[in-house]
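My numbering applies: residue 4 is where the sequence shown begins, and numbers increase by one.
Below is one structure, written out as structure tokens; the observations come after it.
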Amino acid sequence: MLDHLIKDVTVVDGTGGPAYVADVGIRDGRIAALGRIDAEARTGEDARGLVLTPGFVDPHTHYDAQLFWDPYATPSLSHGVTTVAAGNCGFTLAPLHPGRPEDADYTRRMLSRVEGMSLVALEQGAPWNWHTFGD
């Protein structure tokens with residue numbers, strides 16, 4: 004039995020091929036069947052007129068701090084993004100030198116100014132208790 008069945012959805016599968024209409028069966032959080040599906044499912048929906056695509060990757064974000072209070076990165080999720088990369092442009096939260104607590108303050112103020120983030124949110128929304136990338 005499937006957990007969820009999406010019927011008659013237009014699939015754009017990311018291969019570069021043309022879109023096509025299919026049913027999509029979900030089991031254990033993964034696509035388990037694709038095509039014309041007659042299997043039973045716990046839940047389902049008619050998705051005629053809707054489009055199903057693979058997730059989108061946003062390779063440049065500044066969610067480093069925001070993920071502490073918004074673990075789903077909801078602005079990206081609202082746009083269909085399923086994977087985000089952070090810290091790849093030099094504006095990141097780590098590392099912070101263990102002997103220089105002013106590093107955290109500098110980083111918070113830089114993000115506030117350059118990214119327009121609330122300084123209060125940055126100060127109160129993240130623990131600021133790391134020093135290395137691994138932390």
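C-beta atoms are modelled at their ideal positions from N, C-alpha and C, and glycine is treated no differently.
Asked, Found
"Endpoints, beta strand (DSSP E) assigned at Gly-28", "23-30"
"Limits of the alpha helix (DSSP H) - the one that Pro-78 falls within", "77-80"
"For Gly-38, three-class secondary structure by DSSP", "strand"
"Straight-line Cα distance separating Asp-138 from Leu-125", "18 Å"
"Beta-carbon gap between Val-54 and Thr-13 smaller than 9 Å", "yes"
"Reduced DSSP category for Leu-70 - H, G, I as helix; E, B as strand; rest coil", "helix"
"Which residues DSSP lists as bridging Asp-49, in chain order", "Lys-10"
"Own chain, CB closer than 7 Å to Phe-136, minus 5 neighbours either side, in chain order", "Ala-97 and Pro-98"
"Buried or exposed by the 16-neighbour rule on C-beta atoms within 10 Å, applied to Thr-110", "buried"
"Range covered by the alpha helix (DSSP H) that runs through Asp-108", "105-118"
"C-alpha gap between Ala-68 and Asp-11, whole angstroms", "40 Å"
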